[in-house]
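Written out below as structure tokens is the structure these notes cover.
Number of protein chains: 2
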Amino acid sequence: MRISRSSHRSRAVALALSCLLGAGALACGPQGSQELQPAGGQNGASTSALMKQRSLTENDVTAALKTYTPTGVHDPYYIFASGGHSGQVIVIGLPSMRILKVIGVFTPEPWQGYGYGDQSESVIGQGDTKGIALRWADVHHPALSETKGDYDGQFLFVNDKANARVAVIDLEDFTTTQIVRSGLIQSNHGATFVTPNTEYVIETSQYPAPLGGGYAPIEQFNDAYRGATILWKFDREKRRIVKEESFAIELPPYGQDLADAGKLASEGYFFVNSFNTERSWGGSLEGNPPLESGASQNDMDFLHVFDIRKAEKAVADGKTKLIAGMRVISLETAASEGILHLVPEPKSPHGVDVTPDGKEIVIAGKLDTHATIYTIEKLKAAIEAKKYAGVDAYGVPILPFEDVIRGQVELGLGPLHTQYDDKGNAYTSLFLESVIAKWNLADLKLISKIPVHYNVGHITTPEGDTVSPDGGYLVAMNKWAIDRFQDVGPLLPQNFQLIDTASEPMQLLYDLPIPNGEPHYAQTIKADKIKAIDVYSPVGTDPLLRAVSPNAVGAGKERIERRGDGVHVYMTAVRSHFVPDVIRVKQGETVHIHLTNTEQALDATHGFAIADYNVNVSIEPGEHSDIEFVASLPGVFPIYCTEFCSALHLEMAAYLLVEPTN
Amino acid sequence: MRISRSSHRSRAVALALSCLLGAGALACGPQGSQELQPAGGQNGASTSALMKQRSLTENDVTAALKTYTPTGVHDPYYIFASGGHSGQVIVIGLPSMRILKVIGVFTPEPWQGYGYGDQSESVIGQGDTKGIALRWADVHHPALSETKGDYDGQFLFVNDKANARVAVIDLEDFTTTQIVRSGLIQSNHGATFVTPNTEYVIETSQYPAPLGGGYAPIEQFNDAYRGATILWKFDREKRRIVKEESFAIELPPYGQDLADAGKLASEGYFFVNSFNTERSWGGSLEGNPPLESGASQNDMDFLHVFDIRKAEKAVADGKTKLIAGMRVISLETAASEGILHLVPEPKSPHGVDVTPDGKEIVIAGKLDTHATIYTIEKLKAAIEAKKYAGVDAYGVPILPFEDVIRGQVELGLGPLHTQYDDKGNAYTSLFLESVIAKWNLADLKLISKIPVHYNVGHITTPEGDTVSPDGGYLVAMNKWAIDRFQDVGPLLPQNFQLIDTASEPMQLLYDLPIPNGEPHYAQTIKADKIKAIDVYSPVGTDPLLRAVSPNAVGAGKERIERRGDGVHVYMTAVRSHFVPDVIRVKQGETVHIHLTNTEQALDATHGFAIADYNVNVSIEPGEHSDIEFVASLPGVFPIYCTEFCSALHLEMAAYLLVEPTN
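If you read the protein sequences in the order shown, they are chains A and B. Numbers 1 to 662, taken from the working numbering, label the letters of the first sequence in order. Numbers 1001 to 1662, taken from the working numbering, label the letters of the second sequence in order.
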């Protein structure tokens, strides 16, 4: 055995060093490693031995082979799931059911450097209220951008139920680029849903409140509290929602619930259902019935049917009032101009899902055992004929229930949400029964059910809410997991269960614990529709501008400038150093760091953290970041790369020296 | 076809209602759903047809069957992985490789209600610096608590490299209960590591700075900058670190790197290696060599060998000075009292891993192709004999390299970290080669290598750094993923690759993308060692007190009290209501909400969110939360349950009414 000291350094070390000190870590990859690894051959035991050893059934083997995805093989679908009150979006591969990315949206996310010192702070702060920084959200319903009613893979929109906000995620780089808040409503739920060409992103309130954020005693609930639906105008070229071109429609103080946009036969309409048309507001300690029973008195609640073209005309005609800077069509105008009609729907409905051909709407109510099928043609005819069963307390015309439905299908206990496949089938989740029901849309016949574990909410099928569903799979988004996974304390993960819907009976394939939030809805898109970039190019690109930053720094151009507004540090990052690597400032000075990752190699991300200053930025290859902070703390603060970038990653460091002024 | 209106409500609906309005959602579960689902039978295609359809090889089938985990089957191991600069901890099941939970540690996490208004704010704020709230971290090294050198499953400790903090996670409920910050050092890396009975949690600095957070010009690097290692005293009964009983040892201004505690034969010692013993500090724009090359000049760096018993004696004898409130043994005392010795180690080492029997230490350096095996017996003998090769610039004695090693094994390019199995084998990651090398500890022979994808950092094997490793599996924690998964924009996931080490050659089983952070190290523990609670009991338990809160609220005891310090709301949460559900306050009043989830059913978690106030709390069954905020915004703010708890979850809501005062 030979003792290696550096004086005996081997050729391999010399090679290693040359790899390290250049930027070519990858080029120095796996060579030579194959020699000791015999090629091919079946490792380990036989199938039957493994089945015995791991107590796997024949069904388990089938399920394993339907989902197992070998190294380097990519999934044919992406699932974009809301992150619930994590405030984020969860991206999952199907059928491997591996979580590929958690996108920071409303909650700061330091791995992505989202909300920790650079220009992303300007995005996450867009929804802040007076004096209160909102740093979480309750994300419920993701909506992929659509072209002709089909996902186009360009953008993703999500809502914040808790603070009535909507975010835009750019799928070119999987980052959040905009958050909008109307100031009109105090919570949302029927959000986000897009019209078939993404002209509008729709956000509808849930819990009524005075429009515009004002105060009114709750005893004035019926008169002063309102809902609203907001049609956010999306400008695809600017890649942004344009608030000035958006408008809203005032709604009665019901609990507006889920929503869906019409398409094909129903293009130009959208639909929002509701609960608590009783207008109960609680007060249980004051002698009123609690909300849960107060809201469950009426036999029927109301589906809201909106005519977008008529709403646009009213806006164009100036028939709006300005509330919180938003053009609002009043409830009176909505009723009188034919913009809004109501239709009874069985007790406390939840899901409202337009069929792929746009001709029908399936609505399922949690307190009714049926799904009810509404027909667009009949709705239009009743509206045209002004055939009303009456008006509600706010003068909104009500269409007669029996005249606008094709029929109902009895599914079982607690039906909620419906998705579609390519064979004319519908799939509905049943919360109370914890099953998925498969049924035929043409003849309204129940085909089969499959148990899920447990308390299923939404479901998603591939492209299952578009004009052309794919079929084959279904994911049940279960709220409770109970005994499915090992113990992780009193707060349990949720459980996404993948089901093969192509086989009959349907087969449960996989349980995916969701470890970081409670997804509500998800959309599943063909992988080849996603055209993400893999590096920012050209070097110096600002992700929010989608262009080279005016502050971009090239190699050799690094410098430190003192100006009236503070110290400007023009810095580059490349494996394995920052230039400059010493920053000297005086306490109280404002520091502006203009930082460009000059790499163009895939995955050559660097981090940039400053001790004690709550600053951490992730700079992807080619990306430019602008960081600003006041050097309020005196002392010596290490700066270092937080993303393991090379074998000399630990040496990729610098110092911020803040000289005390007193 | 029958039209159902509520006047024709079926028996099923009546049952549904009775389920809904009671708290028994689960009892109303999957009954009846089996009828339509034929039992057993192989769903879908045969194995060979599936293999063809999905292009699976024989090896893929084996890998699938070695990892696939059917619904309801629990994994035999937990992996606790650091979350890197996500600031969190990631819990994974092995071999299913499913992420079971992301534990909020240093970064606010609203799904868990961690850091959004309740008493958890007092934990996450424990590391704040003057005027700056630290709301992220760079978590590198998790350390499970140990008894006799074996994991005991009670606690997990993690470090924050960026801000020099250590957190305590209680595995009884998987929550963070304490964050400590010494104020002595400005960054850490050799952290956290525990002594064999968890007497101490060890934290060692990385980038030198003046001890105690002071300022000194960087030109005084050699004289005024220092490292330190902190021995945090852990009190198992109090379930907390006790700062007053902790102490530190001053170190030379080297880049102290990874650390490991001795055990069995080496109990009473711990070991920290280093890079940049050149004491380079950059200044590349000022004519100095960049840190990456300045730190790579010397042939050898230094392993630090610490004698804990001698350090304790020095502390007991009062041979310490107080810096930032921490007792510190000076470098001079550490040298003169035999507390610290240095040993040369080949150029820029990274991993330092004590063998299961405690008799040896394996050190691998990224710029050397070997792993070097140091022998405890030889180290002790050299120390005893005071056989020194010299002293460093700070007077610390240096032991002769050749006298304290057993030998070296040539592994390849960029060896980093070593783990062990139950067969006497060691496994070392090779960053530059992107392989795992398996070698025999007894005769220092390389057995085989397996490629990984790509740029592997740490590795973890089941109980692989304890006195009794299990063997069978290895997880390679790869820094780069490149082409392994479909596109998610320029920031790629990391890649955990599961390897079967029981088969020879080793077999790659599974690629797990890490979607939310960059884990550095992980520990893998037998699942049956984790004894987590599933609900908080008795009702009203405060998770930080581990006892019933003095503010706990029982059913029927709900009330609102006005006191000198504001409005106190004593509230309960149960499916599906809050009592009270109307809170009336005046603008500017301080609101204290004392909220008890009175449920004891597994998974019956409720959320509690207030619009616009950045408040969201997760209250697990039996848990009590205390929420405090100033009602600065006037208006009407919906409050609702953010965790989908029952079919009437949407009706589980309340109102905060803030009457304006002007």
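Virtual Cβ for every residue (Gly too), placed ideally from N, Cα, C.
| request: In the DSSP assignment, find the alpha helix (DSSP H) that holds A:Ser-293 and state where it starts and stops. | output: 291-294
Against B:His-1141, what residues of chain A qualify as contacts under a CB-to-CB distance less than 7 Å, listed in chain order? Neighbours of B:His-1141 on chain A: none; closest Cβ ~13 Å, over 7 Å.
TODO: Give the DSSP-derived three-state secondary structure of B:Gly-1338 in the structure shown.
DONE: coil
Practice item. Look at the Cβ atom of B:Phe-1637, then the Cβ atom of B:Val-1617, and state whether they are nearer than 8 Å. Key: no
Original post:
For a contact meaning CB atoms closer than 9 Å, what does A:Ile-533 contact in chain B?
Top reply: Asp-1487, Gly-1489, Pro-1490
Problem - 8 Å Cβ cutoff, A:Arg-484 in contact with chain B - result: yes
Next item on the list: Counting only runs of 3+ residues fully inside the region 1251-1277 of chain B, write out the beta strand (DSSP E) ranges in chain order.
Entry: 1255-1261, 1269-1275
B:Ala-1532 and B:Phe-1174 - do their beta-carbons sit closer together than 8 Å? yes
- Can you name, in chain order, every residue of its own chain whose Cβ lies under 6 Å from the Cβ of B:Cys-1645, other than the five neighbours on each side? Arg-1575, His-1606
In terms of residues, what are the limits of the alpha helix (DSSP H) holding B:Gln-1053? 1047-1053
Cβ of A:Trp-439 within 8 Å of any chain B Cβ: no
- Message: So with CB distances below 7 Å, who are the chain D contacts of B:Thr-1195?
- Response: The structure shown contains no chain D; the protein chains it does contain are A and B.
Note to self: So B:Arg-1135 contacts chain A; which residues on that side make the cut at Cβ distance below 7 Å?
What the structure shows: Pro-108, Asn-614
Quiz item: When you compare only the Cα positions, how much space is there between A:Thr-176 and A:Asp-160?
Solution: 13 Å
**Item:** Top-ranked residue by Cα proximity to B:Phe-1431, from B:Gln-1186, B:Glu-1292, B:Gly-1282, B:Val-1452
**Value:** B:Val-1452
task = Indicate whether at least one CB of chain B lies closer than 8 Å to the CB of A:Phe-275.
result = yes
Contact between the region 55-65 of chain A and the region 1065-1079 of chain B: three or more CB pairs below 8 Å? yes
I'd like to check one pair, B:Ile-1627 with B:Asp-1118: are the Cβ atoms closer than 8 Å? yes
- Close Cβ partners of A:Lys-366 (< 7 Å) along its chain, the five nearest in sequence each way excluded: Ser-348, His-350, Gly-414, Leu-416, Phe-431
Query raised in the report: Can you find a C-beta in chain A that's less than 8 Å from the C-beta of B:Ile-1530?
Result: yes
Beta-carbon separation of B:Thr-1129 and A:Leu-656 under 8 Å? no
Using DSSP with H/G/I as helix, E/B as strand and the rest coil, what is B:Gly-1032? Note that B:Gly-1032 scores 32 on pLDDT, short of 50, meaning its location in the model is unreliable; the coordinates nonetheless yield the value given after this. Correct three-state label for B:Gly-1032: coil.
Check: Cα separation between B:Thr-1661 and B:Val-1102?
Finding: 42 Å
Closest residue to A:Leu-322 among A:Gly-153, A:Asp-542, A:Val-272, A:Gly-212 (Cα-Cα distance):
A:Gly-212
Continuous beta strand (DSSP E) assignments of at least 3 residues falling wholly in the region 499-567 of chain A: 507-514, 522-526, 559-563
Return the residue from the list B:Lys-1380, B:Lys-1586, B:Ser-1330 that minimises the CA-CA distance to B:Asp-1307.
B:Lys-1380
So is B:Met-1652 in contact with chain A if we call contact Cβ pairs under 8 Å?
yes
message = Which of the three DSSP states is assigned to A:Phe-401 in this structure?
response = helix
Q. How many angstroms separate the CA atom of A:Thr-460 from the CA atom of B:Trp-1111?
A. 22 Å
- Query: Assuming A:Asp-138 and A:Ser-145 make a contact with CB atoms under 8 Å, what is their CB distance in whole Å?
  - Reply: Actually they are not in contact, since the Cβ atoms of A:Asp-138 and A:Ser-145 sit about 22 Å apart, beyond 8 Å.
Can you tell me which of A:Ala-502, A:Tyr-454, A:Gln-494, A:Asp-487 puts its alpha carbon nearest to the alpha carbon of A:Leu-676? An answer regarding residue 676 of chain A cannot be provided, because it is not within the stretch 1 to 662 covered by chain A.
Q) Touch check for the region 1507-1520 of chain B and the region 467-482 of chain A: three-plus C-beta pairs under 8 Å? A) no
- Query: Taking Cβ-Cβ distances shorter than 9 Å, what residues in chain B pair up with A:Met-326?
  - Reply: Under the 9 Å cutoff, chain B gives no residues; its nearest Cβ is about 16 Å from A:Met-326.
Using DSSP with H/G/I as helix, E/B as strand and the rest coil, what is A:Cys-19?
The predicted model places A:Cys-19 with a pLDDT of 38, which falls under 50 and marks its position as unreliable; any figure quoted below should be read in that light. Note: A:Cys-19 maps to helix in three-state DSSP.
How do the region 208-222 of chain A and the region 250-260 of chain A stand: do at least 3 beta-carbon pairs fall below 8 Å, yes or no? yes
Give me the Cβ distance between B:Val-1180 and B:Thr-1192, rounded to the nearest whole Å; I'm assuming they're in contact under 8 Å.
Actually they are not in contact, since the Cβ atoms of B:Val-1180 and B:Thr-1192 sit about 11 Å apart, beyond 8 Å.
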